[in-house]
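S.K.: Attaching a single structure in structure tokens format; questions to follow.
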Amino acid sequence: MTNPAFNRRRLGAFADWRQFGLALVREIRRRVGPAFPVMYRIDLSLVLNETYGERMTSVKSLRKFRDERTVDETLGYMAELVKEGVDLFDVDLGCYDNWWLPHPPGPMAPGCFLEVSRIAKDYFAKNGIRSNAGVEVPIVAVGKLGYPDLAEAALRDGDCDMVMLGRPLLADPEWPNKAFAGTVEAICPCIGDQEGCINEFVEGGHPQCTVNPRTGFEDILNGSELAPSAKPKKVAVVGAGPAGIVTACLAARRGHKVTLFEARDVVGGMLVPGSRPAIKFDVANYLDYLKDELACAQRDSGLAVELRKAPTAEELKALGFDVIVTTTGSRQARPPVPGIDGRNVIFGVDLLRDPSLAAAAKRVVIIGGGVVGCETAYFLSHELGKQVSLVEMLPVIMKGVCTANRGWLIHYLEERGVPLMNCTRLAEVREGAVVVRRNVSKTVPDPLVTWTPILPENIENPFAPKLATIEKEEVIPADLVVIAAGAKPEDDLYRSLVSIHAAPEIRNIGDSFALGRIFEATKAAYATAVSL
């Protein structure tokens, strides 16, 4: 109603896009009186034209949104809002048609809207505009400011007058206290995946948090569940991914005698390859946080960590544990096609662990358009300068991923010139090429559409066009084929433990129970640790 891109009325008072917001604020001010502060959130620009360029003319569903509010118009409108009673603003960019901007995902830069808040702040200062309270209009900065040093610098440098945190407080509600105390290393960082917060609204749930299992359940998980155990147990946790680390640290904190085993020489599990691309810096921060938590548990709670140890079921039984928790992760899956075991085929997670595996390759084909496949494609293209193509069997790329995160990655894969071939299945791997069968029907959806969200599976769309199949065989040159086509739970150890009754209690969580995300891993770990 307050942007001509959407408000295209020809008649009535609200044909002037300014009037709805002005009338709204006027009525709010009338009801709350002169002393109650009124804050207004506004996008300085939708940046639709900048985001989609010529598509704003060629794509029918975007064409009607071309007449968006300009930055100058927004600043003038903000001045009018102040006259009606607004006391302060927080300012960002974008809308639901370029969803990653107002909901900045992990790959977006910290403090991504500080320049925007600075523009608004300078405008009010230059024009001498004062609020209803007779003071300079405060501007609140938003957008990935969960880094205390950055937030402090923004205030000190005059980019804003206040800092607003949303998701960082879901990750760690003690953020302000820890920042004030100077214990910033103890802040649990938001990783920007948005699976627990924003995507829960889409899925029909309620706000939660991937890295904080208590978020949204504080009435049930109030901290009392972390009280020392009345009957401390001898506990083994096998696998030091996020599920294993969280389980081990919390169980040790509760007084159990815990040993954490890890087959590799580093902890982190899938967080290690998952934090390799530069755009995954938030996950790298979380991995560092978990390492700090692990060190604290070793120092303060007697947690023992055994690296390069992959004990067998018999060895664990012989050690006499009361509880064994397996968090042994997953094993990668290979599509059953000719040539899949060739020397030119590797798994995406192995490539992310050791990027030198792609050193000699110029042309890379990635099989699998989920998160791992798309992030690997961007990593290879953006950081290593490879010519990359991506193949996905499903009609949509990154199915089920939060719209903001999905949109950002697809948008910038397109910018890097990475072909996204949906409805395409791998048929054969050859020396120097792959053979695919591609559905070339006109009913195949455009994989590059980011302005229309993908509906959750539990919502049926009776108007969705039926997908027809007209397959065409294509040969794609490839020096290297990277498989990111899913995985299976690695639960052999758990089954062996159960078969020989290795301990009175045997639990299996994380990917070794069911493939999931960090979101599921931390929740399962918390529930396991507090139940011991």
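Residue numbers (my numbering): -3 to 528.
Each residue gets a CB set at the ideal place from its N, CA and C atoms; glycine is no exception.
Here the structure is a predicted model, which means the values were calculated and not measured.
State the beta-bridge partners of Val136 as determined by DSSP.
M.R.: Paired residue(s): Asp86 and Met158.
S.K.: Using only the alpha-carbon positions, how far apart do Thr324 and Arg260 sit?
M.R.: So the alpha carbons of these two residues sit roughly 11 Å apart.
S.K.: The beta strand (DSSP E) with Leu386 in it runs from where to where?
M.R.: Taken as a continuous stretch (DSSP letters only), the beta strand (DSSP E) holding Leu386 covers Gln383 to Val387.
S.K.: Would you kindly work out how many angstroms separate the C-alpha atoms of Val531 and Met35, rounded to a whole number?
M.R.: No information on residue 531 is available, as it lies outside the stretch -3 to 528 that the chain covers here.
S.K.: Using the rule of at least 16 other Cβ atoms within 10 Å of the residue's Cβ for burial, across every protein chain shown, is Glu453 buried or exposed?
M.R.: Flag for Glu453 reads exposed.
S.K.: Have a look at Leu528 and Ile216 and give me their C-alpha separation to the nearest angstrom.
M.R.: Using only the alpha carbons, I get a separation of about 17 Å.
S.K.: How long is the line joining the alpha carbons of Thr524 and Trp171, rounded to whole angstroms?
M.R.: If I take the Cα positions, the gap works out to 25 Å.
S.K.: Which value, in whole angstroms, describes the spacing of the CA atoms of Leu166 and Cys205?
M.R.: Rounded to whole angstroms, Leu166 to Cys205 spans 6 Å at the Cα level.
S.K.: Go ahead and pull the three-state DSSP assignment for Ile455.
M.R.: Ile455 falls in the coil class under three-state DSSP.
S.K.: Beta carbon of Ala498, beta carbon of Lys229: below 7 Å?
M.R.: No, the Cβ-Cβ distance between Ala498 and Lys229 is not below 7 Å.
S.K.: DSSP three-state label for Pro105, please.
M.R.: For clarity, residue 105 is Ala in the given sequence; the question names Pro instead. DSSP places Ala105 in coil when its eight states are reduced to three.
S.K.: Which residues share a DSSP beta bridge with Ile362?
M.R.: BP columns for Ile362 point to Leu386 and Val478.
S.K.: Excluding five sequence neighbours on each side, which residues of the same chain lie with their C-beta closer than 8 Å to the C-beta of Leu58?
M.R.: Hits under 8 Å: Leu44, Tyr48, Arg51, Met52, Asp93 and Trp447.
S.K.: With a cut-off of 8 Å on the beta carbons, I'd call Val268 and Arg349 a contact; round off their distance for me.
M.R.: Rounded, the Cβ-Cβ distance is 6 Å, consistent with contact.
S.K.: Tell me, please, which residues DSSP counts as bridged to Ile38.
M.R.: Per DSSP, Val87.
S.K.: If you run the structure through DSSP and keep just helix, strand and coil, what is Val55?
M.R.: Reduced to three states, the DSSP call for Val55 is coil.
S.K.: How many whole angstroms separate the CB atoms of Leu290 and Glu258, which I take to be in contact at a CB cut-off of 8 Å?
M.R.: 10 Å between Cβ atoms; not a contact.
S.K.: Mapping the DSSP letters down to three states, classify Asn173 as helix, strand or coil.
M.R.: DSSP places Asn173 in helix when its eight states are reduced to three.
S.K.: Could you check what DSSP says for Ile115 in three-state terms: helix, strand or coil?
M.R.: Ile115 falls in the helix class under three-state DSSP.
S.K.: Where does Gly403 land, buried or exposed, given buried means 16+ other C-beta within 10 angstroms?
M.R.: Gly403 should be labelled buried.
S.K.: Span of the alpha helix (DSSP H) holding Asn504?
M.R.: Counting along the chain, Asn504 falls outside any alpha helix (DSSP H), though it belongs to the beta strand (DSSP E) covering Glu501 to Asn504.
S.K.: Looking at Ile363 and Val384, is the spacing between their C-beta atoms short of 7 Å?
M.R.: For Val384 and Ile363, no; Cβs fall outside 7 Å.
S.K.: Looking at the structure shown, is Lys484 part of a helix, part of a strand, or coil, going by DSSP?
M.R.: Three-state DSSP puts Lys484 in a strand.
S.K.: Can you pull the DSSP bridge partners for Glu467?
M.R.: Answer by DSSP bridge pairing, in chain order: Asn435.
S.K.: So, helix, strand or coil for Lys253, using DSSP?
M.R.: Note: Lys253 maps to strand in three-state DSSP.
S.K.: Identify which residue in Thr308, Glu181 and Gly381 has its Cα closest to the Cα of Gly413.
M.R.: Checked all of Thr308, Glu181 and Gly381; the closest Cα to Gly413 is Gly381.
S.K.: Can you look up Ala423 in the DSSP assignment and give me helix, strand or coil?
M.R.: Looking at Ala423 - three-state DSSP - the assignment turns out to be strand.
S.K.: Tell me where the beta strand (DSSP E) around Lys230 begins and ends.
M.R.: Element bounds for Lys230: Lys230 to Val234.
S.K.: Would Gly107 pass as a contact of Asp278 if the rule is Cβ separation under 7 Å?
M.R.: Not closer than 7 Å, so no.
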